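In this note's numbering, the protein residues as written are 28 to 340. The beta-carbon is built from N, C-alpha and C at its ideal position, and this holds for glycine as well. Here the structure is a predicted model, which is why all the values come from computation and not from measurement. Written out below as structure tokens is the structure these notes cover.
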């Protein structure tokens, strides 16, 4: 069995690889080639969580089990840490143990790229990033793969973290103009696309301020108690898509709460990534507000883990 670190994976496996591998797994999903169990989320004290995600690809004859720890208060260690165990289903051999922090962020960025490509206005040029933790970086990488982003606005409650994030983007080679803003309302009003990646239990921006034509990616919250988006933006959205319907009904706090309060119904959700990844552009006009909500599912992790295995085997 091989062991792969985040650093080893990151040197070879990039956002472009992840986008193609996620599209491939979505094709498997549509063709009933995926067997999975719902993600188990266990509280681990205070705001800490442990996540467990098993999944099998019948077509690839590969199984993965992912374990993720989320400890938001960590100071000297990453807030999100993970491991993926990869098993060959032809003989049951455990083939690899790989760090999953980078892959979790990367597959989520790839999923955001697919949703943004289908839903954002084709001439979207500005990206607002609310929450500049680790998950946010690959979300930016995903968006810039599918849109010509010329301006990036960054907001974080701790402004120094947004400044650090700006430097990280610049060091990576992102050429867009990047500005740290202290007013989240201003960011919302200036952005053609909004990436929201927080674990907040209360809304972090005012949905009434979102301008017509905006596309929103909500990827931070992943439990029924989390609410990084408010009722207003859910109500205003002309089209809402999710990464996985079963997961959304169990874990997408904003949508669950909106359904419970009769703001929307589950029938108002237009579809999932599996429904749209290989189809046509979905926006009906440049005034629609579109919303993509992601909570994650094991088959997306299988997609990138199997992609990594093909590089390192």
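Indicate the three-state DSSP secondary structure (helix, strand or coil) for residue i in the structure shown.
{"i": "residue 104", "result": "coil"}
{"i": "residue 244", "result": "strand"}
{"i": "residue 80", "result": "strand"}
{"i": "residue 172", "result": "helix"}
{"i": "residue 206", "result": "strand"}
{"i": "residue 316", "result": "coil"}
{"i": "residue 60", "result": "coil"}
{"i": "residue 92", "result": "strand"}
{"i": "residue 129", "result": "helix"}
{"i": "residue 343", "result": "This structure leaves residue 343 out entirely; the chain is present only between 28 and 340."}
{"i": "residue 334", "result": "helix"}
{"i": "residue 110", "result": "strand"}
{"i": "residue 187", "result": "helix"}
{"i": "residue 68", "result": "strand"}
{"i": "residue 143", "result": "helix"}
{"i": "residue 160", "result": "coil"}
{"i": "residue 177", "result": "coil"}
Rounding to the nearest angstrom, what Cα-Cα distance links residue i and residue j in this structure?
{"i": "residue 341", "j": "residue 104", "result": "Since the first and last residues shown for the chain are 28 and 340, residue 341 lies out of range."}
{"i": "residue 28", "j": "residue 122", "result": "5 angstroms"}
{"i": "residue 212", "j": "residue 236", "result": "7 angstroms"}
{"i": "residue 39", "j": "residue 288", "result": "46 angstroms"}
{"i": "residue 252", "j": "residue 87", "result": "35 angstroms"}
{"i": "residue 151", "j": "residue 129", "result": "27 angstroms"}
{"i": "residue 46", "j": "residue 91", "result": "19 angstroms"}
{"i": "residue 119", "j": "residue 283", "result": "38 angstroms"}
{"i": "residue 80", "j": "residue 159", "result": "25 angstroms"}
{"i": "residue 62", "j": "residue 215", "result": "39 angstroms"}
{"i": "residue 271", "j": "residue 229", "result": "23 angstroms"}
{"i": "residue 222", "j": "residue 33", "result": "24 angstroms"}
{"i": "residue 329", "j": "residue 83", "result": "8 angstroms"}
Can you tell which of the options has its C-alpha closest to the C-alpha of residue i?
{"i": "residue 343", "options": "333, 325, 276", "result": "The structure shown does not extend to residue 343, since the chain is modelled only from 28 through 340, so no value can be given for it."}
{"i": "residue 148", "options": "174, 125, 193, 215", "result": "174"}
{"i": "residue 185", "options": "297, 157, 236", "result": "157"}
{"i": "residue 243", "options": "227, 265, 226", "result": "265"}
{"i": "residue 302", "options": "108, 138, 110, 94", "result": "138"}
{"i": "residue 240", "options": "69, 120, 311", "result": "311"}
{"i": "residue 203", "options": "187, 233, 170", "result": "170"}
{"i": "residue 124", "options": "209, 319, 30, 49", "result": "30"}
{"i": "residue 292", "options": "60, 117, 199, 262", "result": "262"}
If residue i and residue j are in contact, beta carbons under 8 angstroms, what's the gap, nearest whole angstrom?
{"i": "residue 166", "j": "residue 224", "result": "6 angstroms"}
{"i": "residue 52", "j": "residue 339", "result": "Not a contact, Cβ separation roughly 18 angstroms."}
{"i": "residue 267", "j": "residue 305", "result": "So it is not a contact: roughly 20 angstroms between Cβ atoms."}
{"i": "residue 254", "j": "residue 274", "result": "Contact doesn't hold; Cβ gap of about 17 angstroms is too wide."}
CB-CB under 8 angstroms to residue i, same chain, minus the five flanking residues each way: which ones, in chain order?
{"i": "residue 153", "result": "176, 177, 178, 179, 180, 217, 218, 219, 220"}
Can you give me the Cβ contacts of residue i inside the same chain, cut-off strictly under 6 angstroms, excluding the 5 residues immediately before and after it?
{"i": "residue 195", "result": "none"}
{"i": "residue 335", "result": "36, 40"}
{"i": "residue 95", "result": "78, 109"}
{"i": "residue 162", "result": "132, 224"}
Ordered along the chain, which non-local residues of its own chain (more than five positions away) have a Cβ less than 7 angstroms from that of residue i?
{"i": "residue 99", "result": "74, 106, 226"}
{"i": "residue 142", "result": "244, 268, 300, 319"}
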